[in-house]
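Participant: For the sequence shown, our numbering assigns the number 216 to the initial residue and increments by one for each residue that follows.
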Amino acid sequence: LRFSRTATAHEARAASGMASEVEKRPAPGELIVSHTSVKKPRTDGGTLAVSAGAGGALTTAGPLRTSDLLAPIMLLSGHSGPVNTVKFSPDGRHLLSGAHDKTILLWEVFGECKNTLTFRGHGNSVLEAHWLADGEHFVSASADKTIALWDARTGARSRQYKGHSSYVNSCCPSVDSAVLASGSDDNNARLWDVRVRTCQRTISHPFPVTAVSMSASGHNLYTGCLDGNVRLYDLRRAETATMTLKGHQDIVTGMALSPDGNFLLSNAMDNTLRCWDVKPYASADRCVKVFL
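Listed below in structure tokens is the structure:
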């Protein structure tokens with residue numbers, strides 16, 4: 216009888232061990248949630264990981280957001296025609312958009328991205344807009360053959376610049392001076408003093424001027440034309456181009472100068488962006504990079 220009881224106890228313990236072994240071995244494809252701490256998988260490169268959190272709850276790990284936007288992508292709706300230009304304000308808190316519907320809209324960048332002001336006054340499509348350095352005024356170029364200066368605080372048009380005889384494709388103010396440049400289909404680039412309405416200087420080109428950019432000091436003017444060439448003018452010298460940058464195979468549609476003034480980015484209808492070294496004593500091949 217004593218041997219029988221001992222054998223029965225051994226059998227019970229063995230059965231219990233077998234049961235726990237069965238419990239520890241999950242069926243194929245079965246998800247086991249542990250209540251113990253589990254090391255979280257790495258999420259380098261934004262990979263999504265699922266791990267067991269406190270209390271056995273499933274948690275999602277991923278890259279942390281660094282933007283203050285309400286959502287990763289915000290849709291701004293308000294124009295009734297194609298949008299031709301958008302520009303962030305110097306402090307990054309507002310956005311301008313100009314469109315074929317002849318209007319310019321001012322948007323808040325953060326929160327719900329509300330449209331706070333609408334600027335009306337152009338008689339044709341708004342082709343380009345640029346903020347002035349103070350962040351309180353901006354200029355716009357239009358197919359109505361004019362450039363306008365606007366007060367971003369009140370929505371009023373402060374000044375209008377007339378002189379071009381065809382569409383004004385582009386405009387650009389200098390950062391450290393009152394010089395404003397414009398380019399038009401009338402084959403001319405014009406220089407203005409934003410404080411007065413009259414043109415200060417006209418630079419003739421062999422083709423329509425489709426894009427302009429000014430250096431911060433207001434001493435250098437860059438123009439892009441219908442022939443695909445980018446020209447540099449030193450405004451302290453004669454009216455001939457001091458440099459011609461060749462490489463684009465179609466119309467230059469936009470340009471932007473780097474903050475230090477050493478590099479110029481141009482885009483064209485040949486589906487390329489080109490980065491140019493425009494330092495005074497750079498090598499002969501000034502195109503340092505092509506973005507396809």
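Where a beta carbon is used, it is the ideal one built from N, C-alpha and C, also for glycine.
1. Using a Cβ-Cβ cutoff of less than 6 Å, which residues in the same chain neighbour T417 once the five nearest sequence positions on both sides are dropped?
2. From the DSSP output, in three-state form, read off A404 for me.
3. Pull the bridge partners of P388 from the DSSP assignment, please.
4. Just to confirm my understanding: we take W365, look at its own chain, exclude 5 residues before and 5 after, and list those with CB closer than 6 Å. What are they?
5. Going by C-alpha to C-alpha distance, which of M289, S389 and N477 sits closest to E323?
6. Check for me: the beta strand (DSSP E) holding F422 runs from which residue to which?
7. Hey, quick one: how far does the beta strand (DSSP E) through M289 stretch, first residue to last?
8. Quick check on F478: does DSSP put it in helix, strand or coil?
9. At 3 residues or longer, what runs of the beta strand (DSSP E) sit wholly inside the segment 432-473?
10. Could you tell me which residues DSSP puts in a beta bridge with Q375?
11. Straight-line CA distance for M458 to P297?
12. How about V301 and S312: do their beta carbons lie closer than 9 Å?
13. Going by Cα to Cα distance, which pick from R446, N435 and D408 is closest to F422?
14. Would S428 pass as a contact of L441 if the rule is Cβ separation under 9 Å?
15. I'd like the list of long-range same chain contacts for T361, defined as Cβ closer than 6 Å, with 5 residues on each side in sequence excluded.
16. Which residues bound the beta strand (DSSP E) around L320?
Facilitator: Taking the coordinates as given:
1. Residue numbering aside, residue 417 sits at position 202 when the sequence shown is read from its first letter. N403 and R405.
2. One-based indexing of the sequence shown puts residue 404 at position 189. Residue state, collapsed to three classes: strand.
3. As a working note, residue 388 is residue 173 in the sequence shown. In DSSP, P388 forms a bridge with L395.
4. Numbered from its first residue, the sequence shown carries residue 365 at position 150. Closer than 6 Å at the Cβ level, and outside the excluded window around W365, lie F334, F353 and R372.
5. Locating residue 323 in the sequence shown gives position 108, counting from the first residue. Per the Cα distances, M289.
6. To locate residue 422, count along the sequence shown from 1; it is residue 207. Element bounds for F422: n/a, residue is neither H nor E.
7. Here residue 289 corresponds to residue number 74 of the sequence shown, with the count starting at 1. It is not in any beta strand (DSSP E) - M289 carries neither H nor E in the DSSP assignment.
8. Sequence index remark: in the sequence shown, residue 478 carries index 263 (1-based). F478 falls in the strand class under three-state DSSP.
9. 435-440, 445-449, 458-460 and 467-472
10. If you number the sequence shown from 1, residue 375 lands on position 160. Answer is A363, bridged to Q375.
11. One-based indexing of the sequence shown puts residue 458 at position 243. One-based indexing of the sequence shown puts residue 297 at position 82. Their Cα atoms are separated by approximately 35 Å.
12. Along the sequence shown, one-based indexing puts residue 301 at 86. Along the sequence shown, one-based indexing puts residue 312 at 97. Yes, they are a contact pair.
13. Counting from 1 along the sequence shown, the entry for residue 422 is found at position 207. Residue R446 is the option with its Cα nearest to F422.
14. Taking the first residue of the sequence shown as position 1, residue 428 is located at position 213. Taking the first residue of the sequence shown as position 1, residue 441 is located at position 226. Taking 9 Å as the Cβ cut-off, S428 and L441 do not qualify as a contacting pair.
15. On the sequence shown, position 146 is the one that residue 361 refers to. Closer than 6 Å at the Cβ level, and outside the excluded window around T361, lie Q375 and K377.
16. Taking the first residue of the sequence shown as position 1, residue 320 is located at position 105. Run containing L320: T318 to E323, per the beta strand (DSSP E) assignment.
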